Amino acid sequence: MLISVVIPTYNRLPILEKCLRALESQTLHGALDGFEVVVVDDGSTDGTVDWLQQRGEQFPHVRLIQQEHGGPAEGRNRGVHQANGDVIVFIDSDLVVTESFLASHARALERSWRHRGNRLSFTYGAVVNTANFENPTEERHKLRDLSWAYFATGNVAIDRGVLEASGLFDTGFRLYGWEDLELGERLRRMGVELVRCPEAVGYHWHPALRLEQIPDLVRVERERAKMGLVFYRKHPTRRVRYIIQFTWLHVLLWELLTLGGVLNERSLKPLLAWLIRRGQPGLAMELLRLPLNRISVRAMVSEAKVQGLRPSF
Numbered sequence: 006m007l008i009s010v011v012i013p014t015y016n017r018l019p020i021l022e023k024c025l026r027a028l029e030s031q032t033l034h035g036a037l038d039g040f041e042v043v044v045v046d047d048g049s050t051d052g053t054v055d056w057l058q059q060r061g062e063q064f065p066h067v068r069l070i071q072q073e074h075g076g077p078a079e080g081r082n083r084g085v086h087q088a089n090g091d092v093i094v095f096i097d098s099d100l101v102v103t104e105s106f107l108a109s110h111a112r113a114l115e116r117s118w119r120h121r122g123n124r125l126s127f128t129y130g131a132v133v134n135t136a137n138f139e140n141p142t143e144e145r146h147k148l149r150d151l152s153w154a155y156f157a158t159g160n161v162a163i164d165r166g167v168l169e170a171s172g173l174f175d176t177g178f179r180l181y182g183w184e185d186l187e188l189g190e191r192l193r194r195m196g197v198e199l200v201r202c203p204e205a206v207g208y209h210w211h212p213a214l215r216l217e218q219i220p221d222l223v224r225v226e227r228e229r230a231k232m233g234l235v236f237y238r239k240h241p242t243r244r245v246r247y248i249i250q251f252t253w254l255h256v257l258l259w260e261l262l263t264l265g266g267v268l269n270e271r272s273l274k275p276l277l278a279w280l281i282r283r284g285q286p287g288l289a290m291e292l293l294r295l296p297l298n299r300i301s302v303r304a305m306v307s308e309a310k311v312q313g314l315r316p317s318f
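Heads up: take any position in the sequence shown, counting from 1, add 5, and you land on my numbering.
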């Protein structure tokens, strides 16, 4: 089995370096014959391309592909088209993996293929969220790291032929969110089975919350709302309504939990600042998720009204 690891990246050079060095340390055994790493730079302006070109000898498995800024869906599709492997692994450029990461995916895929008698399955590895930049792999697995997503590109491996038969990613998702879960809905309809692979561990680094991030986080939630409706228009099912939170139950839930908007990103700032000063940025982020979810749901309902759509129960 030859694996192609496809990584779209945009202005993430410091953590991308850790990501690539971890991949260069992979152990080859079992079903894994070899691997390559296809990095698709999505128009970065932080020197990513020059840095990689100057250090090619340090990353013998890496091939660099460049594109103008078009988003992760376009980048992943381009990476697949350029890949040589018969298996595609998708990770994000802020994921730092263990030495047995690729071998674990390979073994789990081989077991699944033998059991099923076909290649209609993909493996979904474990993702541990961490704010520890210096030593991301020291983070422990936490309850909030669990994900119920069907196909999330932070850590998945899939047969190339099955992936191509699905039609790859929809490049209409040009803003933040949902392009991977939308592909997952198409894979589900093809009868492609999700196989959990907890041995394939990746540590997802993102910086600890700072108050200066809040406007950007609000912007992201508004983008997710717009892309959520793109997702729903392609798959107008109850399941997708619940995935994107396009129901009156979610409207009511987030109104209740924020006291009708009394708890918002502005009123919570003093408490968030206190938690951050006390060394609890993770708890501050969880608290901030309350108004962020309300912002997303309200933005979705507002945009849906313009499009002639309404939430349901």
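We put the CB at the ideal spot given by N, CA and C, even for glycine.
Computed from a prediction, not measured in an experiment: that's the story for all the values here.
In the three-state scheme derived from DSSP, where H, G and I count as helix and E and B as strand, proline 316 is classed as coil. The beta-bridge partner set that DSSP reports for glycine 122 is empty. Alanine 111 is positioned such that its CB atom lies no closer than 8 angstroms to that of threonine 32.
Ile300 is the residue among Trp253, Ile300, Met232 whose C-alpha sits nearest the C-alpha of threonine 263. Nearest in C-alpha terms to glycine 76, of all of Glu226, Glu260, Asp185, is Asp185.
For aspartate 38, the number of other beta carbons within 10 angstroms of its own is below 16, and it is reported as exposed.
Within the model, the alpha-carbon separation for glutamate 228 versus tyrosine 181 is close to 6 angstroms. Within the same chain, Cβ atoms closer than 8 angstroms to the Cβ of asparagine 82 are found at Leu173, Phe174, Thr176, the five residues on either side in sequence being excluded. Among the bridge pairs identified by DSSP, leucine 107 is matched with none. Bounds of any beta strand (DSSP E) do not take in threonine 263, whose DSSP letter is neither H nor E.
Restricting attention to beta strand (DSSP E) runs no shorter than 3 residues, the stretch 185–236 encloses them at 198–210, ordered along the chain. Shown here, leucine 25 sits in a helix according to DSSP, grouped into three states. DSSP places aspartate 97 in the coil class of the three-state scheme, outside both helix and strand.
Contact check for valine 44 and glutamine 72: beta-carbon distance about 11 angstroms, past the 8 angstroms limit, so the pair fails to qualify.
The C-beta separation of leucine 28 from valine 102 comes to about 7 angstroms, placing the pair in contact by the 8 angstroms criterion. Here the stretch 133–153 does not lie against the stretch 226–242, with fewer than 3 beta-carbon pairs under 8 angstroms apart. A straight-line Cα-Cα distance of about 11 angstroms links tryptophan 153 and arginine 201.
Leucine 7 and asparagine 298 have their C-alpha atoms roughly 41 angstroms apart. Counting only the Cα atoms, valine 267 lies some 21 angstroms from isoleucine 281.
Here alanine 88 carries a coil assignment [DSSP, helix/strand/coil]. No Cβ-Cβ contact shorter than 8 angstroms links arginine 191 with glycine 90.
Straight through space, the alpha carbons of glutamate 79 and glutamate 308 are spaced by roughly 25 angstroms.
Here alanine 162 carries a strand assignment [DSSP, helix/strand/coil].
Ranked by Cα distance from histidine 211, the options His255, Leu314, Met290 are led by Met290. About 5 angstroms separates the CB atoms of tyrosine 208 and threonine 135; that is less than 8 angstroms, so the two are in contact. Bridge partners of aspartate 46 according to DSSP: Thr14, Gln71. Distance from the CA atom of serine 317 to the CA atom of glycine 159, rounded to whole angstroms, is 30 angstroms. A residue is called buried once 16 or more other Cβ atoms fall within 10 Å of its Cβ, and lysine 23 is buried on that count. For alanine 309, the enclosing alpha helix (DSSP H) has its first and last residue at 286–311. According to DSSP, residue pairing for glycine 39 in a beta bridge involves Leu7. In the DSSP annotation of this structure, leucine 151 is not part of any alpha helix (DSSP H), being labelled neither H nor E. With a 10 Å radius around the Cβ and a threshold of 16 neighbouring Cβ atoms, lysine 274 comes out exposed. Bridge pairing for phenylalanine 127: Ile163, Leu199 [DSSP]. According to DSSP, asparagine 134 shares a beta bridge with His209.
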